[in-house]
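Since the structure comes first, as structure tokens, the remarks are kept for the end.
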Amino acid sequence: MITHSFGIVNYFVLFGYLLAMMLVGVYFSRRQKTADDYFRGGGRVPGWAAGVSVFATTLSSITFMSIPAKAFTSDWTFIIGQYLAIAILPLVFISIFRFFGN
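The numbering of the sequence shown is my numbering, which starts it at 1121 and goes up by one.
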């Protein structure tokens, strides 16, 4: 019987990654002074970056797997609506964010 273990190299990679993420968090936390800095980047986030952020939020791993599964089990028009929403939502939300942010 073959047994698999996580291994020492995998532990080094895992803890190295976690350490790097903590250091990035500490570095950028020192640059924010107010809640506006935290939630809106101090108003300095360009529109394209906010749009990419909204787009990336809609493309989580669960969404990536569930939308095609739902389209396969029910109706293919579902997937068309989902991808249209992914394309349109950043445009709508970014314009709203810009309107209320300025």
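All C-beta atoms in this analysis are idealised placements derived from N, C-alpha and C, irrespective of residue type, glycine included.
Runs of the alpha helix (DSSP H) spanning 4 or more residues and lying entirely within the region 1131-1199 occur at 1155-1160, 1167-1178, 1181-1193, in chain order. Counting the other CB atoms within 10 Å of its CB gives P1210 a total of 16 or more, which places it among the buried residues.
In the three-state reduction of the DSSP assignment, G1127 falls in the coil class. Contact holds between the region 1196-1211 and the region 1172-1185, because three or more Cβ pairs, one in each stretch, are under 8 Å apart. The C-alpha of R1218 is placed about 13 Å away from the C-alpha of G1162.
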